[in-house]
Structures are given as C-alpha cells and as structure tokens.
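The next block holds one structure in the form of structure tokens; read it before the comments.
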C-alpha cells in the first residue's frame with residue numbers, strides 16, 4: 006500500500022488543529038496550520054478544511070516533491086514543511102543525509118540530488134534531527150518553550 010497525500014493530510018490537520026490566533030505563536034493567525042502571514046489574501050478565520058487541503062496539496066505536497074521521497078520519509082518531510090517551512094525542513098533532511106555520508110549543499114532546496122541522497126536515511130534519524138532543531142530554537146528563543154513538548158510529541162508521532 007502506497008502512503009499518499011490523502012492519508013498524510015488527515016494526520017497533519019489533526020496536529021495543526023483549527024483556528025488559532027496566539028500572539029506568542031510564530032505562525033501568527035492560523036487555521037488548519039495555514040497562516041495569514043503566508044496567505045494574506047485568504048480569509049483565514051473562515052478557511053474550510055477542504056480549502057486547507059487544496060493549499061497543502063498544491064503549495065506543499067506537489068511543490069516540494071513529497072511524493073518523490075521514500076514512503077518512510079514523505080510523511081515527516083511534509084509535516085516539517087507545514088510546521089517549520091519547506092526551506093528549514095529541506096535543510097534538516099539534507100543534514101541527515103550528510104550525516105549518512107552524502108555530500109549535499111545544505112541550501113534548503115529539494116531536487117534530484119537531495120531526493121537520491123535521502124534514499125538511505127532512516128526515519129528515526131530525521132526525527133532526531135527535527136527534535137534537535139526544536140531544542141536549538143528554544144535556546145535561541147526561550148519564549149517558544151511553551152510549544153516544545155507539542156513539537157516533540159509531534160516529531161515522534163509522524
């Protein structure tokens with residue numbers, strides 16, 4: 006059975022939740038994880054689940070080539086693209102591939118070299134690098150500490 010967008014998006018939407026406007030959240034006003042900052046022309050408060058799915062399919066899943074990754078990695082990569090942005094997510098993936106002996110430029114761009122290098126990377130390694138990123142983020146921005154355990158839990162569930 007091939008793990009596809011339709012299955013993965015349900016988990017991501019569960020993690021992202023509904024409408025939130027927490028002033029201390031770096032994402033700002035969001036609904037289903039879609040932020041007003043990234044989509045200023047979208048009525049975030051009234052965004053439907055189907056509208057969010059369309060945005061995620063077009064602007065994340067397809068644009069960042071999630072389908073081209075191994076089944077083990079496509080879910081965590083997509084989830085990281087949603088949660089922290091595609092550039093940061095791709096850098097984490099590139100760092101994990103380099104730790105396994107690849108020689109990738111850590112530039113945050115997903116392409117054939119990165120996709121090929123990720124074929125030998127284990128899900129657990131990506132999880133570890135993701136958790137490390139969040140821990141380092143908290144050190145740099147202590148006000149985000151209140152989000153850490155949610156991020157940590159999410160890292161292990163995906």
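Residue numbers (our numbering): 6 to 163.
Every residue, glycine too, gets a C-beta built ideally from N, C-alpha and C.
Have a look at the options and flag the residue whose alpha-carbon is nearest the alpha-carbon of residue i.
| i | options | result |
| --- | --- | --- |
| residue 157 | 135, 149, 146, 148 | 135 |
| residue 49 | 36, 23, 65, 107 | 36 |
| residue 124 | 77, 150, 88 | 77 |
| residue 94 | 109, 102, 82, 101 | 82 |
| residue 18 | 148, 55, 140, 146 | 55 |
| residue 131 | 102, 110, 148 | 102 |
Applying the criterion that 16 or more other CB atoms from any shown protein chain within 10 Å of the CB defines a buried residue, is residue i buried or exposed?
| i | result |
| --- | --- |
| residue 74 | buried |
| residue 88 | buried |
| residue 164 | Any question about residue 164 goes unanswered here, given that the chain covers just 6 to 163. |
| residue 160 | buried |
| residue 80 | buried |
| residue 6 | Here the model assigns residue 6 a pLDDT of 44, short of 50, so the residue's position is not dependable and the matter cannot be decided. |
| residue 21 | buried |
Run through the DSSP bridge pairs and tell me what residue i is partnered with.
| i | result |
| --- | --- |
| residue 35 | 25, 40 |
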